[in-house]
Amino acid sequence: MAERFFLYDDLEDTKTRFVSFMGENQRFDLAIVRSDRYYGKQLVLDIQGSRFAIIGEDDLKEEGYLEHVFQLSEEDAEELQSFLMEIV
1 MAERFFLYDD LEDTKTRFVS FMGENQRFDL AIVRSDRYYG KQLVLDIQGS RFAIIGEDDL
61 KEEGYLEHVF QLSEEDAEEL QSFLMEIV
């Protein structure tokens, strides 16, 4: 068997915050991972929806971004955006 070729194989200390909150229409269960890996952005995992994105303040300001990435309605995306703006 040929040797495995890694593009990278790094270990990094991270800080993870688990948060759950109820919106008007749905519950949000998130894991927010902070590391130096993504240039100040955070890895946001939607545990219930099995989706994730690397998100920074610029992404939150992009119209339709959260709706697309997390497959949310406009109303639900606004609730998520409001929460993420507080922590990003």
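Okay, so the sequence shown: first residue is 1 according to the UniProt record's numbering, each after it adds one. Just so it is clear, CB atoms sit at the ideal spot from N, CA and C, and this is done for glycine as well.
8 angstroms Cβ cutoff met for residue i and residue j
i: D46; j: L30; result: yes
i: Q26; j: V33; result: no
i: G40; j: G56; result: yes
Alpha-carbon spacing of residue i relative to residue j, whole angstroms
i: E75; j: A2; result: 51 angstroms
i: S82; j: D58; result: 14 angstroms
i: L80; j: E24; result: 11 angstroms
i: F18; j: Q48; result: 12 angstroms
Residue i classed as buried or exposed, judged by whether at least 16 other C-beta atoms fall within 10 angstroms
i: V44; result: buried
i: L11; result: exposed
Beta bridge counterpart(s) of residue i as assigned by DSSP
i: L45; result: A31, F52
i: K15; result: R34
Contact between the segment 33-52 and the segment 66-77 (3+ Cβ pairs under 8 angstroms):
Touching, per the Cβ criterion.
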